[in-house]
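In the order they appear, the protein sequences are chains A and B.
The numbering of the first sequence is my numbering, which starts it at 1 and goes up by one.
The numbering of the second sequence is my numbering, which starts it at 491 and goes up by one.
Note that CB positions come from ideal geometry on N, CA and C, so glycine has one too.
Model, not experiment: these values are computed from the prediction.
Contents: one structure, followed by commentary.
Protein chains: 2
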Amino acid sequence: MSKNLTKRSEDYSKWYNELVVKADLAENSGVRGCMVIKPYGYAIWEKMQAQLDKMFKETGHQNAYFPLFIPKSYFSKEASHVKGFAKECAVVTHYRLKTDEKGQIVVDETAKLEEELIVRPTSETIIWDTYRKWIQSYRDLPLLINQWANVVRWEMRTRLFLRTSEFLWQEGHTAHATKQEAIVEAEKMQGVYADFVENFMAIPVIKGTKTESERFAGAIETYCIEALMQDGKALQAGTSHFLGQNFAKAFDVKFATKEGSQEYVWATSWGASTRLIGALIMTHSDDNGLVLPPNLAPIQVVIVPIYKSEEQLQAISKKAESISKELRALGISVKYDDRDTFKPGWKFAEYELKGVPLRLSIGPRDLENEEVELARRDTLTKEVIPQEGLALKIQTLLGKIQIELFQKALLYRNEHITKVDTFEEFKEVLENKGGFVSAHWDGTPETEEQIKNLTKATIRCIPNSTIFEEGTCVFTGNASNKRVLFAKAY
Amino acid sequence: MSKNLTKRSEDYSKWYNELVVKADLAENSGVRGCMVIKPYGYAIWEKMQAQLDKMFKETGHQNAYFPLFIPKSYFSKEASHVKGFAKECAVVTHYRLKTDEKGQIVVDETAKLEEELIVRPTSETIIWDTYRKWIQSYRDLPLLINQWANVVRWEMRTRLFLRTSEFLWQEGHTAHATKQEAIVEAEKMQGVYADFVENFMAIPVIKGTKTESERFAGAIETYCIEALMQDGKALQAGTSHFLGQNFAKAFDVKFATKEGSQEYVWATSWGASTRLIGALIMTHSDDNGLVLPPNLAPIQVVIVPIYKSEEQLQAISKKAESISKELRALGISVKYDDRDTFKPGWKFAEYELKGVPLRLSIGPRDLENEEVELARRDTLTKEVIPQEGLALKIQTLLGKIQIELFQKALLYRNEHITKVDTFEEFKEVLENKGGFVSAHWDGTPETEEQIKNLTKATIRCIPNSTIFEEGTCVFTGNASNKRVLFAKAY
């Protein structure tokens, strides 16, 4: 398979699809809409998981595991929730196969479930049904639980990582004694997501809240973080929901207060998924392949030997081992690729495609001069540097790359927030420049809907940083007191 | 809820069920046969996962993720495989719900899948369908992949951890160029499981192979590790399968050899699940609750303050903090429980129930004498010891407990392997003493079946350590050249 990718400027979407497959991140499976996450892609997900899990635990959360299946009746208990998910549910109806008279394997119609089971698209209902048993008194609160799981939302048009029928995610589900405490939790987790996405994925985000029509099905308020991809489209990178008492009422979860009265519990939920890998790709990568921020790169440094004789290889390998040892002692992950089945040029292209942040190559002359060649994946620059002090230099450089990737993405993002005051400008910016459009909106779902129908742009968020500013709606001319961010989105 | 458990001698099964729930490990959910793994139970699973994952990676395996759903046609491709699993499959037939004319949520009959999807009971078929794309040449081999996932096997009679319709597990799936290499891999993973179960779970196991009738559906050979529970019943604690070329043939996975010919690939698969938590409980625990080996205890040391005044509490807390700090520096997990909502006696019972290996309690007099009270969960012994050198003493003691738990279980297990030479003895031992019965067997599935029907005992394994020994089958009197291990099993 050729390592060459379609150029982003030619066809961004094609570039993305090719990159995901050629960099060994994921591929489509034989099951409609379900992906196979390949070892290299999964290694990135593991690094993301490990960091998020640490952050969740540091903020007092514990992991647990709830059933994959949700009885249809549970699922129907919260009206807006079921409305939001009913159209994309995988439904289990039978529990046995059999061999028919022709010798074919068929569903055994006698093994029909009395009540159909829904494969979880999200777990609020099954979890709140459980919380009723776990929560009796204020002493049981807050209950701060997270789950790492697979979920299924039946999608008609799928794209690897961005929209698949099955995906991996984490979902936090917390229960609180007061409204205020639940809101603080939902906001805190929005902050944790923003911290993770900015400092580990090197993707700048805008924190904000969703409008009513973009809210999670069953939420009172949805807090989101919005990122901007290289093609000018936005991507929601994590959401945290204040659910009020909706699920507590639907599942009758009450607690005895200190004063002895019975009250409904307040809830939040929050989630981030393998979709984030799509955001990672579309924020940093280039026409040569993936660019990974060092904090999430499964391999941070690769060492490639350049040699003709077996004797040269042995001398280089010895040096490579001692460099690797020093790097590992600093907590840097390093791979020495001495496979003789591939030429150095092939390996260079391979690790560029896979986004390894730094590549060292060592040839006989480098050995002689006590030097190495160091290549940066993000800038595609090379330099020959002394072996003396190499490990520390690499450590510093990895930190620098992490920051520079973020800065570069931030610059791009900031250049792509455009204030507009007329609908002509609005359409013009969306069409030609892309990115976020900061505009006044009259606050009605009807206007939002009409703008969406005309331009495909949705309100990505009402930024937390938005300020009071008198103006008129870019579409209807009605009064508005703040700008919101519109964009086309993934 | 009372912390008292039914005594094991009264009703072992009831004791187990109560312990799982009261120690906050797991509980039944509203979904038939599916469990909720509670935070404390999940924390044990996370420790098991972390260690197994490390061992898999050290032996060259990488993680990946394959779809939850398997098209029925894939599933049917390997004849003995589908035969083994067809009777316990959850089947997805529809992908949408709708609201009917009465306002009820019902399955949308127009959204029927053309081909039904099976919720994976194990992933050989979907994975080998993928491997066809991944394997072209000998350069692509060996392929050493593991997956952490949930699987579903529809069970009629379920028990928490031991037998649930959904469970969590890992499944390794490897592909090799030669038969010999695949066999070595299957045996190696049996060894990894044995190492993990003995050295981390402190459960002695017997390594062996399964008879034909107990083999995995689709395997040529099943390597197993068998453990013995306190009630004299055996439990299979992990299996590794040599699959021959069965799945490669079913899914047409061939590779070009170095010499240029096309050959079918050789396969293994191996798995261990949350069932191991059941084994953990039934090997070490007692009438007071869970007993956890230190290597898997989420909390290794708990510190409980004994005080009357707020002033006393403050002084104790200061000391507890400094002890905690020293323990954490040694990598020991410690919890200081200064909750004022519960009395010390309640806390003592709670941590006994939860199997925390060591408990420190500190009162005003201990402070004065520069001592602490140290209680061991496994032996239920207490001693008052100096604070001087405490952390190192605890570190040593945790190691000692780990070994002693294993030794105790090993002694019990060895005492419960009984050689018998007549069927009368066979039945007598099974009925009154329990454990493994070492007996001659004529090697036929028919005899195995008859013995099972008469006694409920199955052949747990043909031990690797078995030696050539002429004898006669305990049931038929036919010739036999080795003993095998029978037992009643979970």
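DSSP three-state assignment for residue i, whether helix, strand or coil
i: A:L360; result: strand
i: A:P142; result: coil
i: A:P293; result: coil
i: A:H94; result: strand
i: B:N778; result: coil
i: A:Q62; result: strand
i: B:N494; result: coil
i: A:R376; result: strand
i: B:E568; result: coil
i: A:R157; result: coil
i: B:E656; result: strand
i: A:Q407; result: helix
i: A:A217; result: coil
i: B:V910; result: coil
Cα-Cα separation, residue i to residue j
i: B:T589; j: B:I635; result: 43 Å
i: A:E383; j: A:G41; result: 29 Å
i: A:S309; j: A:V302; result: 21 Å
i: B:E688; j: B:L766; result: 12 Å
i: A:Y65; j: A:A149; result: 8 Å
i: A:G491; j: A:I316; result: Nothing about residue 491 of chain A can be read from this structure; chain A reaches only from 1 to 490.
i: B:A607; j: B:E711; result: At residue 607 of chain B the sequence reads Leu, which differs from the Ala that was named. If I take the Cα positions, the gap works out to 29 Å.
i: B:Q670; j: B:Q790; result: 43 Å
i: A:A79; j: A:S213; result: 15 Å
i: A:L454; j: A:V437; result: 15 Å
i: B:H571; j: B:S730; result: 15 Å
i: B:Q735; j: A:C34; result: 27 Å
i: B:R586; j: A:Y95; result: 19 Å
i: A:A267; j: A:V484; result: 27 Å
i: A:M201; j: A:P294; result: 9 Å
i: B:V862; j: B:E816; result: 15 Å
i: A:F426; j: A:W270; result: 32 Å
i: A:C473; j: A:K83; result: 30 Å
i: B:E614; j: B:T668; result: 19 Å
Residue i, buried or exposed, once every other Cβ within 10 Å from all chains shown has been counted against 16
i: B:S563; result: exposed
i: A:N369; result: exposed
i: A:I48; result: The residue you asked about is not Ile; residue 48 of chain A is Met in the sequence shown. Classification for A:M48: buried.
i: B:K544; result: exposed
i: B:Q752; result: exposed
i: A:M189; result: buried
i: B:E938; result: buried
i: B:P876; result: exposed
i: A:T86; result: For the record, residue 86 of chain A in the displayed sequence is Ala; it is not Thr. Buried.
i: A:A329; result: exposed
i: A:G60; result: exposed
i: B:S566; result: buried
i: A:N4; result: exposed
Opposing strand residues paired with residue i [DSSP bridges]
i: A:V484; result: A:A439
i: A:A250; result: Its beta-bridge partners do not exist; DSSP assigns none.
i: A:Q501; result: Any property of residue 501 of chain A remains undetermined from this structure, which presents chain A solely from 1 to 490.
i: A:S269; result: A:H173, A:H241
i: B:M525; result: B:N518
i: A:S137; result: A:A256
i: B:G961; result: B:S970
i: A:C224; result: A:G208, A:T239
i: A:T99; result: A:I105
i: B:E861; result: B:P876
i: A:C461; result: A:L485
i: A:V499; result: Because chain A spans 1 through 490 in this model, residue 499 of chain A falls outside it and cannot be assessed.
The ligand COA heavy atom lying under 7 Å from the CB of residue i
i: A:V106; result: This structure lacks the ligand COA, and indeed carries no ligand of any kind.
*Inter-stretch contact at 8 Å, needing at least 3 Cβ pairs: the region 967–976 of chain B / the region 927–936 of chain B*: yes
*Contact between the region 12–24 of chain A and the region 346–361 of chain A: three or more CB pairs below 8 Å?*
yes
*the region 284–295 of chain A contacting the region 161–173 of chain A, beta-carbon criterion three pairs below 8 Å*: no
_Three or more C-beta pairs below 8 Å linking the region 195–214 of chain A and the region 264–279 of chain A_ = yes
*Does the region 408–426 of chain A come within contact of the region 390–399 of chain A, defined as at least 3 CB pairs closer than 8 Å?*
no
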